[in-house]
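2 protein chains.
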Amino acid sequence: MAVPSVPASAATDVEQAMFEFVDAYNQAWEAAANEHGLSTAHACVLGRVETRRSMGKLAEELRCDASNITQIVVRLETRELVRREPNPEDRRSRQIVRTPSGDDLYGAFEESFEFPRSAAANLTVAERKQLTALLRKAMRG
Amino acid sequence: MAVPSVPASAATDVEQAMFEFVDAYNQAWEAAANEHGLSTAHACVLGRVETRRSMGKLAEELRCDASNITQIVVRLETRELVRREPNPEDRRSRQIVRTPSGDDLYGAFEESFEFPRSAAANLTVAERKQLTALLRKAMRG
DNA sequence: CGAGATTGCTTGATCGACTCAAGTAACCGT
DNA sequence: ACGGTTACTTGAGTCGATCAAGCAATCTCG
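Chains as they are written, first to last, in my numbering: chain A, 1 to 141; chain B, 1001 to 1141.
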């Protein structure tokens, strides 16, 4: 599915453009993940643990239940893409880190997720600045 | 989860802004759906059938298996949000239509999905035009 | 016309993602 | 040191998604 969607009849022109952009982004993101044998959930987690993080922090950042994270991390661990290390300062907690092969895989994934890069490349320097400013302003502010 | 994500370390400024925008959009969309007791999949389908569509067309538009659509439409039908009508021109095919209460619910959902509207409202008319143009250009040409 | 392929959808099996409730171990406060 | 809280795990259950099979309607072409 992976389609935020809004029927073809989407309101104004900007709104339509926003929808199309978001949809294209989402699609490209999912496709890139799949290319590397990652589900979107796995890619999310793998992305976050570029720097060491606890399970709880991951759950919070990804806005889901801790038990969901457990499950995903376990699968990533059996694929040896991440490791769960004990936290010497709090033995309840576990620190998740990418393994070197996790780094490689995620690197390859990012590489093939060229949508944002190529979107940026379609714009001049000035336009990029403008777009950044407009997006930020649109998002409330 | 619902986080396309890219680690905090996301490349350039525009790319970061794009990510944040997409993420905010996705989140708002999902939240609006949930507010009305809709999963994202249900909201997708319900949105599409504003105008009559066959199962196959839905599957194609939403890029998923036909059996997935069957399942979702069945659930929507038991909630009386859509109806499956026979297609007199091809008795294998079924036309999906929203019921009046489906219309109401989807209307309420769209109403509460104010992200794109308010994003647009944060911009001047000229800025909206600019943003539309930039997004389209970024998306390839 | 009619047998064989194709199309449109449904069913059933299976898996992953997600949530919730319950459990366990470690920590913290008094 | 006991009670409550925190960090995570486990188990049950649901939904979303895909695949393989099946069935009926339609199409095709000899």
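From the three backbone atoms N, C-alpha and C, an ideal C-beta is built for every residue, glycine too.
DSSP three-state assignment for residue i, whether helix, strand or coil
| i | result |
| --- | --- |
| residue 1118 of chain B | helix |
| residue 100 of chain A | helix |
| residue 39 of chain A | coil |
| residue 1084 of chain B | strand |
| residue 1045 of chain B | helix |
| residue 113 of chain A | coil |
| residue 131 of chain A | helix |
| residue 12 of chain A | coil |
| residue 18 of chain A | helix |
| residue 1090 of chain B | coil |
| residue 70 of chain A | helix |
| residue 136 of chain A | helix |
| residue 1105 of chain B | helix |
| residue 76 of chain A | helix |
| residue 23 of chain A | helix |
Beta carbon proximity, residue i to chain A, threshold 7 Å
| i | result |
| --- | --- |
| residue 1137 of chain B | yes |
| residue 1122 of chain B | yes |
| residue 1021 of chain B | yes |
| residue 1076 of chain B | no |
| residue 1125 of chain B | no |
| residue 1157 of chain B | Missing from the structure shown is residue 1157 of chain B; chain B here goes from 1001 to 1141 and no further. |
| residue 1055 of chain B | no |
| residue 1024 of chain B | yes |
| residue 1031 of chain B | no |
| residue 1108 of chain B | no |
| residue 1059 of chain B | no |
| residue 1041 of chain B | yes |
Neighbour flag for residue i against chain B, beta carbons, 7 Å
| i | result |
| --- | --- |
| residue 114 of chain A | no |
| residue 128 of chain A | yes |
| residue 97 of chain A | no |
| residue 15 of chain A | yes |
| residue 46 of chain A | no |
| residue 132 of chain A | yes |
| residue 1 of chain A | yes |
| residue 62 of chain A | yes |
| residue 119 of chain A | yes |
Which residues DSSP lists as bridging residue i, in chain order
| i | result |
| --- | --- |
| residue 1095 of chain B | B:1054 and B:1085 |
Cβ-Cβ separation, residue j to residue i (assumed contact under 8 Å), whole Å
| i | j | result |
| --- | --- | --- |
| residue 1096 of chain B | residue 1055 of chain B | 7 Å |
| residue 62 of chain A | residue 1001 of chain B | 5 Å |
| residue 69 of chain A | residue 58 of chain A | 5 Å |
| residue 98 of chain A | residue 87 of chain A | 17 Å between Cβ atoms; not a contact. |
| residue 1025 of chain B | residue 22 of chain A | 5 Å |
| residue 113 of chain A | residue 11 of chain A | Not a contact, Cβ separation roughly 29 Å. |
| residue 1127 of chain B | residue 131 of chain A | Not really, about 11 Å apart at Cβ, beyond 8 Å. |
| residue 123 of chain A | residue 1137 of chain B | 6 Å |
query: Is there contact between the stretch 101–109 of chain A and the stretch 27–38 of chain A, where contact requires at least three CB pairs shorter than 8 Å?
result: Judged by Cβ distances under 8 Å, the stretch 101–109 of chain A makes contact with the stretch 27–38 of chain A, as three or more pairs qualify.
query: Taking one C-beta from the stretch 1116–1136 of chain B and one from the stretch 12–19 of chain A each time, how about it: are there three or more such pairs within less than 8 Å?
result: Segments in contact, yes.
message: Closer than 8 Å is the cut-off here; do at least three beta carbon pairs connect the stretch 1071–1083 of chain B with the stretch 1035–1047 of chain B?
response: Output reads yes: the stretch 1035–1047 of chain B touches the stretch 1071–1083 of chain B.
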